[in-house]
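Just so it is clear: in the sequence shown, position 42 is 42 by UniProt numbering, and no numbers are missing.
Note that beta-carbon positions come from the ideal geometry of N, C-alpha and C, so glycine has one too.
Below: the structure, in structure tokens.
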Amino acid sequence: MITSFGHLHDPARRYRPVTAHRHLALDVRTLFTDPYLKPEMRELTGRDDPVRANVLAQPGAIPYVIAQADAIAALVPAADPGLVDIAIGCAGGRHRSVVIADALAALLLERHGLGAEVFHRDIHRPVVRR
């Protein structure tokens, strides 16, 4: 299971953090420039082609996804019962984490033959104004 989420939706930690009890928690806030900063992408999500292209074209994005997919695949044999829980967070949970989660799921299937369910927790929440 791969869950994308936005850190800004949990400022007071009113409920259990999404990263609790995960095998791997990835924070992409400082790794890739936020498409939110481009007004034309602000209301879009990581499921939209311009946002996906923007994130994956950034330096290091593709190698990062490949490295994480390989690391996740290595966790599968040790996980009980072979299920690995991954959380990927960005600022608002609508752009970068969505793109990386979807890219990871696709690469896990293509490269390792591993199917992954993806849940985008905050993709439908309002854009967090900053």
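**Contained beta strand (DSSP E) runs [length at least 3] in the UniProt domain "RapZ C-terminal" (2-124), N- to C-terminal order** = Counting only runs of at least 3 residues, the UniProt domain "RapZ C-terminal" (2-124) fully encloses the following beta strand (DSSP E) elements, listed from N- to C-terminal order: 2-6, 24-27, 86-90 and 118-120.
**Prompt:** So does the stretch 37-50 actually touch the stretch 68-87, counting three or more Cβ pairs closer than 8 Å?
**Reply:** no
**Item:** residue 132 to residue 102 span [Cα, whole Å]
**Value:** A query on residue 132 cannot be resolved here, the shown segment of the chain reaching from 1 to 130 and no further.
**Residues near residue 51 by beta carbon distance below 7 Å, same chain, minus five either side** = As a working mapping, residue 51 is identified with position 51 in the sequence shown. Correct list, in chain order: 35, 41, 44, 45, 95 and 99.
**Prompt:** Between residue 88 and residue 26, is the Cβ-Cβ spacing less than 7 Å?
**Reply:** The residue you call residue 88 lines up with position 88 of the sequence shown. The residue you call residue 26 lines up with position 26 of the sequence shown. The answer is yes: Cβ separation under 7 Å.
**Request:** Please report how far the alpha carbon of residue 108 lies from the alpha carbon of residue 114, in whole angstroms.
**Result:** Numbered from its first residue, the sequence shown carries residue 108 at position 108. Numbered from its first residue, the sequence shown carries residue 114 at position 114. Cα atoms of residue 108 and residue 114: separation of roughly 5 Å, rounded to the nearest angstrom.
**Request:** Would you check if the distance between the CB atom of residue 55 and the CB atom of residue 32 is smaller than 7 Å?
**Result:** Counted from its first residue, the sequence shown places residue 55 at position 55. Counted from its first residue, the sequence shown places residue 32 at position 32. In contact: residue 55 and residue 32 (Cβ atoms closer than 7 Å).
**Request:** Check whether the Cβ atoms of residue 84 and residue 105 sit closer than 7 Å, and answer yes or no.
**Result:** What you label residue 84 is simply residue 84 of the sequence shown in a count that begins at 1. What you label residue 105 is simply residue 105 of the sequence shown in a count that begins at 1. No.
**Request:** Express the C-alpha separation of residue 67 and residue 111 in angstroms, rounding to a whole number.
**Result:** By one-based count along the sequence shown, residue 111 stands at place 111. By one-based count along the sequence shown, residue 67 stands at place 67. Answer to the nearest angstrom: the Cα atoms are 11 Å apart.
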